[in-house]
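First comes the structure, then the notes that go with it.
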Amino acid sequence: RMKGGRFTEAWSVWTQNHSGWAVYALFLVTKVHPYVGVRVGVQLTVRSPEGKIYHRLTQFRKHHLAWKKGVFRLRIKGSYFKGNLRQSRLRIRLKNIDCRLRLKNVLSGYRLFGGRLKMGTSGFENLIAGPRVKVQGTLRLGRETIRFDRADGYMDRTSQGAPHLVARRWIN
137 RMKGGRFTEA
147 WSVWTQNHSG
157 WAVYALFLVT
167 KVHPYVGVRV
177 GVQLTVRSPE
187 GKIYHRLTQF
197 RKHHLAWKKG
207 VFRLRIKGSY
217 FKGNLRQSRL
227 RIRLKNIDCR
237 LRLKNVLSGY
247 RLFGGRLKMG
257 TSGFENLIAG
267 PRVKVQGTLR
277 LGRETIRFDR
287 ADGYMDRTSQ
297 GAPHLVARRW
307 IN
């Protein structure tokens, strides 16, 4: 996907522990305009049991991205997401936040609509890699450490060959 026209690829994880802490993690690689070039980003959104939101989104240049073809291993600067369809690990290191999670699939992954919706020559692909995963790990917010033990979660990967067309349909 790194060559050619416009595209967006995203890998996401959602989990909530038994105390009510929720985490949404996103790794993003995109090229929506030829003059901007490839951009990569890491986002982490945390919701406390009381409803307080902690949000970090950091963008990086293409040279901060490393991945290996044929295996699931994605690294953006000091953060990574790697594994296979049975289990995976992620770490997100952003300002005042450090999230380390291990995910183990409880249900097998699948592809919606055969995995690809066509829009002319482009399309939208989706892999629900973990419709239900068990999560273990820690989340550090400043000096506070929150445990995730046997938490429930979800993970997926999406890819679009025409993100500008999809966005135009959503907005107009």
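If you're matching positions, the sequence shown starts at 137 in the working numbering and goes up one per residue.
Built from N, CA and C at the ideal position, the CB exists for glycine as well.
Just so you know, these numbers come straight off a predicted model, no measurement behind them.
query: Cβ-Cβ separation, Ser215 to Leu239 (assumed contact under 8 Å), whole Å; result: About 15 Å separates the two Cβ atoms, so there is no contact after all.
query: Every unbroken beta strand (DSSP E) inside the segment 153-186 [3 residues or more]; result: 158-167 and 175-183
query: N- and C-terminal bounds of the beta strand (DSSP E) containing Arg86; result: Outside the shown range of the chain, which is 137 to 308, sits residue 86, and nothing can be said about it.
query: Identified DSSP bridge partners for Ala287; result: Val271
query: Cutoff 8 Å; reference Leu277; Cβ partners in own chain excluding five residues on either side; result: Val182, Tyr190, Asn232 and Ile233
query: Straight-line Cα distance separating Val174 from Phe227; result: Residue 227 is actually Arg in this sequence, not Phe. When rounded, the distance between both Cα atoms is 22 Å.
query: Candidates Ser244, Leu237 and Pro185, of which the one nearest Ala156 by Cα; result: In the sequence on display, residue 156 carries Gly and not Ala. Residue Pro185 is the option with its Cα nearest to Gly156.
query: Per DSSP, the bridge partner or partners of Leu201; result: Ile212
query: Nearest-angstrom Cα separation, counted from Val159 out to Asp292; result: 14 Å
query: Three-way DSSP call (helix, strand, coil) for Leu221 in this model; result: coil
query: Same chain only: Cβ atoms within 6 Å of Asn153, ignoring 5 sequence neighbours per side; result: Phe284 and Ala287
query: Short CB-CB distance (under 8 Å) between Phe143 and chain D; result: The structure shown contains no chain D; it holds only a single protein chain.
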